[in-house]
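Same order as they appear, the protein sequences are chains S, V, R and F.
Going by UniProt numbering, the first residue of the first sequence is number 1, and it counts up by one from there.
Going by UniProt numbering, the first residue of the second sequence is number 1, and it counts up by one from there.
Going by UniProt numbering, the first residue of the third sequence is number 1, and it counts up by one from there.
Going by UniProt numbering, the first residue of the fourth sequence is number 1, and it counts up by one from there.
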Amino acid sequence: MNGPADGGPPPNLDRERLLHHLDTMWRIRAFEEAALRGLADGHVRGAIHPSIGQEAVATAVCLNLARADLLLSTHRGHGHTLAKGADAQAMMRELFGREGGTCGGKGGSMHIADFSVGMLGANGVVSANIPIAVGAAHAIRLRGGTEIVACLFGDGAINRGPFLEGLNWAKIFHLPVLFVCEDNGWSATTRTADLTAGEGAAARAQSLGIPAQILDGNDALALDEAARAAIDDVRAGEGPRLLHVRTYRITGHTAADAAPYRDAAEVEAWRGRDPIRRLADALAHAGVDAARLEEARTRAEAEMADVLANAAAAPWPAPEAAYADVQDIGDPAVRAF
Amino acid sequence: MNGPADGGPPPNLDRERLLHHLDTMWRIRAFEEAALRGLADGHVRGAIHPSIGQEAVATAVCLNLARADLLLSTHRGHGHTLAKGADAQAMMRELFGREGGTCGGKGGSMHIADFSVGMLGANGVVSANIPIAVGAAHAIRLRGGTEIVACLFGDGAINRGPFLEGLNWAKIFHLPVLFVCEDNGWSATTRTADLTAGEGAAARAQSLGIPAQILDGNDALALDEAARAAIDDVRAGEGPRLLHVRTYRITGHTAADAAPYRDAAEVEAWRGRDPIRRLADALAHAGVDAARLEEARTRAEAEMADVLANAAAAPWPAPEAAYADVQDIGDPAVRAF
Amino acid sequence: MAITTYLAASTRALAEEMERDPAVWALGEDLGRGGVFGQYKGLQQRFGAARIADTPISEACIMGAAVGAALAGTRPVVEMRFSDFALCATDELINQAAKARFMFGGQAKVPLVARQPVGMWRSSAAQHSQSLEAWYAHVPGLVVVAPGTPADNLGLLKSAIRADDPVVYLEHKDLWAAEGEVPDAEHLVPIGVADTAREGRDLTIVTWSGMRRRCLEAAGTLAAEGIEAEVIDLRTLWPWDRDRVLASVERTRRLLVVHEAVTVAGFGAEIAAFVAEHLHARLAAPVRRLGAPRIPVAYAPPLEDMARVSPEAIVAAARATTAPAAAIAS
Amino acid sequence: MAITTYLAASTRALAEEMERDPAVWALGEDLGRGGVFGQYKGLQQRFGAARIADTPISEACIMGAAVGAALAGTRPVVEMRFSDFALCATDELINQAAKARFMFGGQAKVPLVARQPVGMWRSSAAQHSQSLEAWYAHVPGLVVVAPGTPADNLGLLKSAIRADDPVVYLEHKDLWAAEGEVPDAEHLVPIGVADTAREGRDLTIVTWSGMRRRCLEAAGTLAAEGIEAEVIDLRTLWPWDRDRVLASVERTRRLLVVHEAVTVAGFGAEIAAFVAEHLHARLAAPVRRLGAPRIPVAYAPPLEDMARVSPEAIVAAARATTAPAAAIAS
Ligand SMILES: Cc1ncc(C[n+]2csc(CCOP(=O)(O)OP(=O)(O)O)c2C)c(N)n1
Ligand SMILES: Cc1ncc(C[n+]2csc(CCOP(=O)(O)OP(=O)(O)O)c2C)c(N)n1
Ligand SMILES: [Mg+2]
Ligand SMILES: [Mg+2]
């Protein structure tokens, strides 16, 4: 499927569906921008890794999952979590470390999780979510479930051992996992290409017999179709699939990183490929009202402004909560020293 | 290059060179058989992993290395170590845990090492030798040396993360490493194919941009040529290479393993492809004296019988040696508690 | 009651729990052939290859997959073969398994058992002989169990499998063949409760795992000299049975902790420090620890023995602790 | 003397040693951009990308390659970014680096420095806040260093790089910006020698790393109450300076060990146990430890603070130890 840059949207474009994608992408962007304001205001205390510019990946993958499907994410996981259906308010409270956060303030941005929507956790350790995803899929198989597992990770993650171990495992056990390498070109402050032998995620997956394709991560239409097809295959019991998605991180690595190491021209070029604008243009070409498209943005921004204000007003968790949720046997609430 | 099975040896076969290979292969086999006797007699106390049937790999790789080149080996490393030039007597003493062992009795079979011939150690942890090999090559590069590093590992090792991390590293830093996957079809008591996605070591190396080839590990002639060519490339600064060598472990995983899980027919078929006999046949076809060929065996057996007897007569290391070679700062000889 | 080995007890424990609860499964290398020591023998035939899963040599993924499988509702039993190889899965055990429940604010638990055979056996050298229980006791979120008898290996492994926490389960390689009485009926040993293996009035010896036997042997020798040692086998290292230990030392006024691991920063330090903190005034002699010197374990028997705690060394330490000269001038 | 930060001191240390010895090099992620905290800033420009090597995100290979590079004659300085990520390289550090020299019978040494920034900073949560020094002190073959001041970070990092042993080098993340006087001339601090940060007669506080500051702050408060605490910063955890500690406690008759790590099985247990073993009769109060509860570190500030050892808690523990009621009825 082609985007408008390639001569206009396809005739059978599903407007309602894609408007939902657009709404979701705007919500992700507005959430990230709100979180950045929260950080500037001193409310977000830990590091955050914004996904601005990568919204199409989260949306294409997560909106094609069922609620019961499972998702394993990374340090750059706000978009994935939101698209999987987590409550933005609870997420922002988590970033603020407040009561009512998805993890009660214990995890923060890097450990955000919402099991009620199948989101089994971001991860502070690069690549560590891959074996966990594979194990979750293994559990589904053992109990004869029909859910699948989606596992997102960055381009830097494919140089750690768990990438190999997890993909090999998923293949030999023929598990229902969709691997998605969100290739934004950078591993923190270093260009990933300089650290990566060969052609990257897709080539490595293929060497393990896992079907894989390389996609434009800023083309929401094409991604939606590819993700849907891959998810269908995985759900049909055809074993794991990998999508190697090329995109770009518009901000620095963390919100605190001004990213002086990058070429301004490179950033500008990618701003020109903004996935949200591209989808909006496609929808406009397909006849969607400009007002509706504008509304997608303003509604998302209004929602996240509320979310931000509400989070700032939320109480702190009770200090004693630090002793809860550790373990049943040898519970620190009983004996911590 | 073709072996005799394919219609006779090549006309320009280098007899002296290949007799040296034959001698070395017989020495390896005789060493392993002596070690098995040592185990049966209660002299070898720890586990040993015999390499009977895999002698051509050790010989082809190690005899094409210079003495100054470095070698990293595995738990199944007697053959590699011997072929790299280590003293059989010191090796057997090490297996016996006696004074004069290559490691003074501290390491045993799984940690055998002889730095004087560039053999930087077997390893008790599968795949752990790969990053070490890569680092040794990195050190050579840093000091502008011309040596190369050979790193041997089993087919089971390619499913551990360090395989990926090490190969990726070698490629991006363009290091002088020859990787050799000694694929004997088994990972301890489990058939490796059942645990391995895709086509294995060569395919994975190629996905990382590392030139790789699949070879018959029981064809000493072909292996010699391939190893020499690969080593030439590596030494010429062309970066890492991988040889994926198919062979077979005639014994069980350890000397204590009767390997009842294997098909007798499979073992018989591989006995029929004995690499030593194949090379001897090729040399016979090329006109080498039957007596010389027989001598290769008897001399090796006599040498190893001596080695065995001598090791059995060697004294134990002094118990206090357990406190030496630990560390300089915080030396346990000064303070161990 | 029947006489059974420590190994067979563990096989029975896993089989019983797999029978009882379909969510229980095991994963590791070579399990289909019985596992490296034979402790899984017959289980794949009985429960199928899906529930006794042969994995690649991928320790990080074995442990990481177990975390995911636990989060997703099953109860995996992980086999690490040798505790030394669990060091290939440290991130997965420490940063993931131990912390997931807490980081996620209690949204899920991680009911996994990480079996890691520990200790010296014979000429296994530095990469196949370690005892690192002190590490795991230090990590919030983990339960640490180290059975020393066949009955305990039955009853504790069953309890560990039923626990909703990640349990580091340390079987001792030198005990596989050890025999002992094991109840025929269902047998559960509660986690966190020590076993007083021998009663005595003169000093308290606290130990666990492979050293239980050595301490009992030493206690026999000591008894012949008129020294009655109480031997407490902790069985669980976190949470360890402080009440039992404090009550015993309160009575005997002397403590000797014996373990196979390196003494420095070993778990004996925790016990000795804790007892010194709580019973200082009551002690008739300084607390005392006996463990291995801070050296790697060597291959050659005479060198390996230098890292072994022998019954003779235990007897000597006990004698020194109970000698009148050790008493505190008070 | 000039005022410098803990961070700048470490940059200077590495630069001086790289200047002095061409075999020294550093490897880790993002070093070319200065490293995650800026501690490598300018070094790649100065020494080139070969000697300040930017690596893939491959902790196991970073550590493993350093072992190989050390065995092959160079002196690698490994950067692990956060000590938590060193858990992705545990086999390489524990089974390989620490044991290679011994297993190979002394044929080679492994001169590597494994820099692992430790400790709580702010809202970094459970996977970026750990202090696991007790683990490394327990492992034969390793040296363990934990500087608490800029001058010590200069002098100890230089000594660590010159050491022929694998050194686990624990910088504290909360100290990067801390300032202090640092000699202009070459400055080497010997490994294994403690620093008496403050003298006192009433009790001995033994501490290290980030807790040095907190203990000195507490000692100030205590002094105002008439309690004179001696504060010993160990600086090196293996080999720790026992003579200094024993001599001090011999004088003060009271010991308080303070560390940021979890108390249970923390390195404080070793010190407390050792002092109790050696100075039992001399102690006027039981040995005492102060560390974190056995809980993971949380993200939200009020929860995170529950895992923090505060100067107030130190003051309270010191008061309790020196209170007449703490004295042992003798
Ligand atoms: C094992 C490990 N090593 C290093 C880090 C530090 N780190 C956090 S994110 C990151 C870069 C990851 O790059 P990539 O996987 O491409 O994800 P991106 O940040 O680009 O989304 C690094 C190095 C970590 N969290 N875990
Ligand atoms: C990390 C690790 N896991 C497991 C083991 C136990 N083990 C020793 S050898 C071996 C099989 C290795 O198979 P392969 O790599 O093919 O070598 P081979 O024995 O066939 O020569 C296993 C599983 C180990 N030593 N290290
Ligand atoms: Mg990236
Ligand atoms: Mg094999």
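Here a beta-carbon is modelled for each residue, glycine too, at the ideal position from N, C-alpha and C.
Chain S residues whose Cβ lies nearer than 8 Å to that of residue i
{"i": "R:T90", "result": "Chain S residues near R:T90: none, gap ~11 Å exceeds 8 Å."}
{"i": "F:Y40", "result": "Those within 8 Å of F:Y40 in chain S number zero; the least Cβ separation is about 11 Å."}
The beta strand (DSSP E) enclosing residue i, as first and last residue numbers
{"i": "V:I210", "result": "Per DSSP, V:I210 belongs to no beta strand (DSSP E) and is neither H nor E."}
{"i": "F:G180", "result": "E179 to V182"}
{"i": "R:W208", "result": "Careful: R:W208 lies outside any beta strand (DSSP E) and carries neither H nor E."}
{"i": "V:V125", "result": "Counting along the chain, V:V125 falls outside any beta strand (DSSP E), and DSSP gives it neither H nor E."}
{"i": "F:V275", "result": "Here F:V275 belongs to no beta strand (DSSP E); instead the alpha helix (DSSP H) covers F267 to L279."}
{"i": "R:T236", "result": "T236 to W238"}
Residue i beta carbon near ligand 4 (any heavy atom closer than 7 Å)
{"i": "R:W208", "result": "no"}
{"i": "F:W176", "result": "no"}
{"i": "V:N64", "result": "no"}
Cβ-heavy atom distance, residue i to ligand 3, below 7 Å
{"i": "S:T251", "result": "no"}
{"i": "V:T146", "result": "no"}
{"i": "V:G237", "result": "no"}
{"i": "S:W270", "result": "no"}
{"i": "S:N123", "result": "no"}
N-terminal and C-terminal residue of the alpha helix (DSSP H) that residue i is part of
{"i": "S:C62", "result": "E55 to C62"}
{"i": "S:L178", "result": "Premise fails: S:L178 lies in the beta strand (DSSP E), V177 to D183, not in any alpha helix (DSSP H)."}
{"i": "R:F47", "result": "L43 to F47"}
Residue i - DSSP class collapsed to helix/strand/coil
{"i": "S:M119", "result": "strand"}
{"i": "R:I314", "result": "helix"}
{"i": "F:S159", "result": "helix"}
{"i": "F:A26", "result": "strand"}
{"i": "R:C61", "result": "helix"}
{"i": "R:T252", "result": "helix"}
{"i": "S:N2", "result": "Unreliable placement is indicated for S:N2, whose pLDDT of 40 sits below 50; no coordinate value is reported for it."}
{"i": "S:G156", "result": "helix"}
{"i": "F:S330", "result": "Note that F:S330 scores 41 on pLDDT, short of 50, meaning its location in the model is unreliable and no value can be drawn from it."}
{"i": "V:C151", "result": "strand"}
{"i": "R:H138", "result": "coil"}
{"i": "F:D152", "result": "helix"}
{"i": "R:S10", "result": "helix"}
Interface residues of chain F facing residue i [CB-CB closer than 9 Å]
{"i": "V:D87", "result": "Here the premise fails: no neighbours, minimum Cβ distance about 13 Å."}
Contacts of residue i in chain R (Cβ-Cβ under 8 Å)
{"i": "V:L195", "result": "D54, T55, P56 and I57"}
Neighbouring residues, chain V, relative to residue i (Cβ below 7 Å)
{"i": "F:W208", "result": "Chain V residues near F:W208: none, gap ~15 Å exceeds 7 Å."}
7 Å Cβ cut-off: residues of chain S touching residue i
{"i": "R:C61", "result": "P131, V134, P162, E165, G166 and W169"}
{"i": "V:R204", "result": "S207"}
{"i": "F:G28", "result": "The premise fails here: F:G28 is roughly 11 Å from chain S at the closest Cβ pair, so nothing lies under 7 Å."}
{"i": "V:N159", "result": "E165 and N168"}
Residue i CB to nearest heavy atom of ligand 1 below 7 Å
{"i": "S:V180", "result": "no"}
Cβ-heavy atom distance, residue i to ligand 2, below 7 Å
{"i": "R:R33", "result": "no"}
{"i": "R:S10", "result": "no"}
{"i": "V:H285", "result": "no"}
Proximal residues of chain F, C-beta to C-beta of residue i below 8 Å
{"i": "R:G106", "result": "Under the 8 Å cutoff, chain F gives no residues; its nearest Cβ is about 12 Å from R:G106."}
Within chain R, the residues that residue i reaches when beta carbons sit closer than 7 Å
{"i": "F:V287", "result": "A273, A276 and E277"}
Taking the runs of the beta strand (DSSP E) that are 3 residues or longer, which of them lie wholly in the region 74-131 of chain R?
75-79 and 113-115
Mind pulling the beta strand (DSSP E) runs of 3 or more residues that sit fully within the region 201-289 of chain S?
212-216 and 241-246
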